[in-house]
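Each protein sequence line maps, in turn, to chains A and B.
Going by the numbering used here, the first residue of the first sequence is number 574, and it counts up by one from there.
Going by the numbering used here, the first residue of the second sequence is number 30, and it counts up by one from there.
Here is the structure we will look at, set down as structure tokens.
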Amino acid sequence: AQKITQTQPGMFVQEKEAVTLDCTYDTSDPSYGLFWYKQPSSGEMIFLIYQGSYDQQNATEGRYSLNFQKARKSANLVISASQLGDSAMYFCAMREGLTGFQKLVFGTGTRLLVSP
Amino acid sequence: GAVVSQHPSWVICKSGTSVKIECRSLDFQATTMFWYRQFPKQSLMLMATSNEGSKATYEQGVEKDKFLINHASLTLSTLTVTSAHPEDSSFYICSAPQQALIPDQPQHFGDGTRLSIL
Numbered sequence: 574a575q576k577i578t579q580t581q582p583g584m585f586v587q588e589k590e591a592v593t594l595d596c597t598y599d600t601s602d603p604s605y606g607l608f609w610y611k612q613p614s615s616g617e618m619i620f621l622i623y624q625g626s627y628d629q630q631n632a633t634e635g636r637y638s639l640n641f642q643k644a645r646k647s648a649n650l651v652i653s654a655s656q657l658g659d660s661a662m663y664f665c666a667m668r669e670g671l672t673g674f675q676k677l678v679f680g681t682g683t684r685l686l687v688s689p
Numbered sequence: 030g031a032v033v034s035q036h037p038s039w040v041i042c043k044s045g046t047s048v049k050i051e052c053r054s055l056d057f058q059a060t061t062m063f064w065y066r067q068f069p070k071q072s073l074m075l076m077a078t079s080n081e082g083s084k085a086t087y088e089q090g091v092e093k094d095k096f097l098i099n100h101a102s103l104t105l106s107t108l109t110v111t112s113a114h115p116e117d118s119s120f121y122i123c124s125a126p127q128q129a130l131i132p133d134q135p136q137h138f139g140d141g142t143r144l145s146i147l
């Protein structure tokens, strides 16, 4: 069964506008972490934001925020004030358990294109 | 911040060659490292979990004898693709958690290795 689902293969947004990238997940473990990574064309994986299953508040990191709806098992990434440099692949990932010794399971990714 | 260094960045070699990829944690010790593979326009798929001082744990469908993993020290894990063939051409990327016992710590990724087998 697919544990992480990203239903948007591609998204377009105009510069300076906000965009939401969708992510739903499936787990029976009460303890888990959700991550978003950005992958530019050069290939490196850039960590953006983290949300723990027990966190009461939505995570925010600068222009990135995570809309965490636990009951719906969704963890959407919101990028505010998009910039041209935001054009990249974005991956949602889940780690079951709370320690770093557990693997990450990635979604299929969303390609974001920011236009001038 | 924590850095994971991966070498080489690019490899082009003939079919049948064995290729070694190194993954180093530069300013922290990593008892666990992860090796992922990414085919073009696809997601990252975990190949194996590398454990310092013990055998690697491979994911289902990954050939242990083809993808040899050695984690001989707390800062170095290597992936050797033995007798590589064109179908092994892919993007290989490693990662390591800096402080594995702290919940909100992300895995730090190397920059990846693009492997092309002719």
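For each residue, glycine too, the CB sits at the ideal point set by N, CA and C.
Please read all numbers here as calculations on a predicted model, not as lab measurements.
So with CB distances below 7 Å, who are the chain B contacts of residue i?
i: A:E617; result: F138, D140, G141
i: A:F585; result: Under the 7 Å cutoff, chain B gives no residues; its nearest Cβ is about 18 Å from A:F585.
i: A:K576; result: Here the premise fails: no neighbours, minimum Cβ distance about 12 Å.
i: A:K676; result: F63, L75, T78
Taking 7 Å as the limit between beta carbons, can you name the residues of its chain near residue i, skipping five residues before and five after?
i: A:S660; result: L685, L686, V687
i: A:K646; result: T597, Y598, D599
i: B:Q127; result: A31, F57, Q134, H137
i: B:E88; result: L75, M76, A77
i: B:K93; result: Y87
So residue i contacts chain A; which residues on that side make the cut at Cβ distance below 8 Å?
i: B:D133; result: G606, Y623, G625
If residue i sits next to residue j, beta carbons under 8 Å apart, how far is it from one beta carbon to the other, in whole angstroms?
i: B:T61; j: B:S79; result: 7 Å
i: A:Y598; j: A:A648; result: 6 Å
i: B:I122; j: B:S44; result: That pair is no contact at about 23 Å.
i: B:F138; j: B:Q67; result: So it is not a contact: roughly 11 Å between Cβ atoms.
i: B:A125; j: B:V33; result: 5 Å
i: A:F608; j: A:L657; result: Contact doesn't hold; Cβ gap of about 24 Å is too wide.
i: A:P689; j: A:E588; result: 5 Å
Please list, in chain order, all residues of the same chain as residue i whose beta carbon is under 6 Å from its beta carbon, the five residues on each side excluded.
i: B:E81; result: T60, H100, L103
i: A:T600; result: E669
i: A:L594; result: L650, Y663, T683
i: A:G625; result: G606
i: B:H36; result: E51
i: B:R143; result: W39, F120
i: B:A85; result: A77, S79, I98
i: A:A591; result: S653
i: B:D117; result: V110, I146
i: B:I106; result: A small correction: the amino acid at residue 106 of chain B is Ser; Ile does not occupy that position in the sequence shown. Counting only Cβ-Cβ distances below 6 Å, and skipping sequence neighbours, we find C52, M62, S79, H100.
i: B:K95; result: T111
i: B:L55; result: V32, S34
i: A:F641; result: Q624, N631, A648
i: B:T5; result: Chain B is shown only over 30 to 147; residue 5 of chain B falls outside these bounds and no answer can be derived.
Which residues in chain B sit within 9 Å of residue i, going by Cβ to Cβ distance?
i: A:S641; result: Looking at the sequence shown, residue 641 of chain A is not Ser but Phe. Those within 9 Å of A:F641 in chain B number zero; the least Cβ separation is about 13 Å.
Can you list the residues of chain A that residue i reaches, using a CB-CB cut of under 9 Å?
i: B:I122; result: G616, E617, M618
Any C-beta of chain A sitting closer than 9 Å to the C-beta of residue i?
i: B:Q71; result: yes
i: B:L144; result: no
i: B:P115; result: no
i: B:P126; result: yes
Strictly below 8 Å CB to CB, what residues from chain B border residue i?
i: A:G680; result: S72
In its own chain, which residues sit with a C-beta less than 8 Å from the C-beta of residue i, not counting the 5 before and 5 after it?
i: A:G680; result: I577, T578, Q579, C596, F664, C665, A666
i: A:A638; result: The displayed chain sequence assigns Ser, not Ala, to residue 638 of chain A. Excluding sequence neighbours, A:S638 sits near I622, N631, A632, L650, V651, S653.
i: B:P115; result: S44, I146, L147
i: A:D628; result: F641
i: A:Q612; result: M618, I619, A661, M662, Y663, F664, G682
Strictly under 9 Å for the Cβ-Cβ distance: is residue i near chain B by that measure?
i: A:T633; result: no
i: A:Y663; result: no
i: A:Y637; result: no
i: A:T600; result: no
i: A:T580; result: no
i: A:T672; result: yes
Does the beta-carbon of residue i, which I'm using as the reference point, lie nearer than 8 Å to any heavy atom of the ligand PLP?
i: A:P582; result: In the structure on display, the ligand PLP does not appear, and there are no ligands present to speak of.
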